[in-house]
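Note that numbering that gives the first Met the number 0 numbers the sequence shown so that position 69 is 68, with each residue one more than the last.
The structure under discussion appears below in the form of structure tokens.
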Amino acid sequence: MPKSLGEIVRDKLDASALPREEPVKLWAGNGRGEPCTVCEQPILRSQVEYEPQYAGRAPIRLHIGCHGLWQAERRRRGYLPNDD
Numbered sequence: 000m001p002k003s004l005g006e007i008v009r010d011k012l013d014a015s016a017l018p019r020e021e022p023v024k025l026w027a028g029n030g031r032g033e034p035c036t037v038c039e040q041p042i043l044r045s046q047v048e049y050e051p052q053y054a055g056r057a058p059i060r061l062h063i064g065c066h067g068l069w070q071a072e073r074r075r076r077g078y079l080p081n082d083d
């Protein structure tokens with residue numbers, strides 16, 4: 000059975016393939032066909048691409064939904080403050 004996107008996010012956080020901390024900058028725009036760091040599917044020109052920037056780290060690119068899952072999991076684990 001294939002893993003859910005949530006499981007993939009958790010696995011990549013555990014393996015440090017996705018960062019835990021807040022980015023220095025967060026860019027958003029139209030996709031350029033590059034693969035999403037979470038689901039590994041291309042982010043099409045008709046889709047929103049998030050690109051969090053980190054000093055000393057290769058860029059990561061995320062679909063809007065994959066970005067939301069990553070944010071939610073980081074918040075659940077206490078890596079980010081709650082929005083309360």
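A virtual CB, placed ideally from N, CA and C, is assigned to each residue, including glycine.
Bear in mind that the values here come from a model prediction, so they are computed numbers and not experimental data.
Here's the rule: buried if 16 or more other CB atoms are within 10 angstroms of the residue's CB, otherwise exposed. What is residue i?
i, result
"residue 58", "exposed"
"residue 69", "buried"
Just to confirm, are residue i and residue j a CB contact at a threshold of 8 angstroms?
i, j, result
"residue 30", "residue 43", "yes"
"residue 63", "residue 37", "no"
"residue 19", "residue 12", "yes"
"residue 71", "residue 47", "no"
Which residues in the same chain as residue i place their Cβ atom closer than 7 angstroms to its Cβ, once the five residues preceding and following it in sequence are excluded?
i, result
"residue 66", "49"
"residue 22", "51, 52, 53"
For residue i, which residues in the same chain have their Cβ closer than 8 angstroms to its Cβ, ignoring the five residues on either side in sequence?
i, result
"residue 34", "40, 41, 42, 60"
"residue 75", "none"
Spell out the partners DSSP gives residue i in its beta bridges.
i, result
"residue 52", "24"
"residue 61", "49"
"residue 41", "34"
Under 7 angstroms from any heavy atom of the ligand COA, does the C-beta of residue i make it?
i, result
"residue 40", "Absence of the ligand COA is noted for the structure shown, with no ligands found whatsoever."
Leaving aside the five residues before and after residue i along the sequence, list all residues of the same chain whose C-beta is less than 6 angstroms from its C-beta, in chain order.
i, result
"residue 79", "73"
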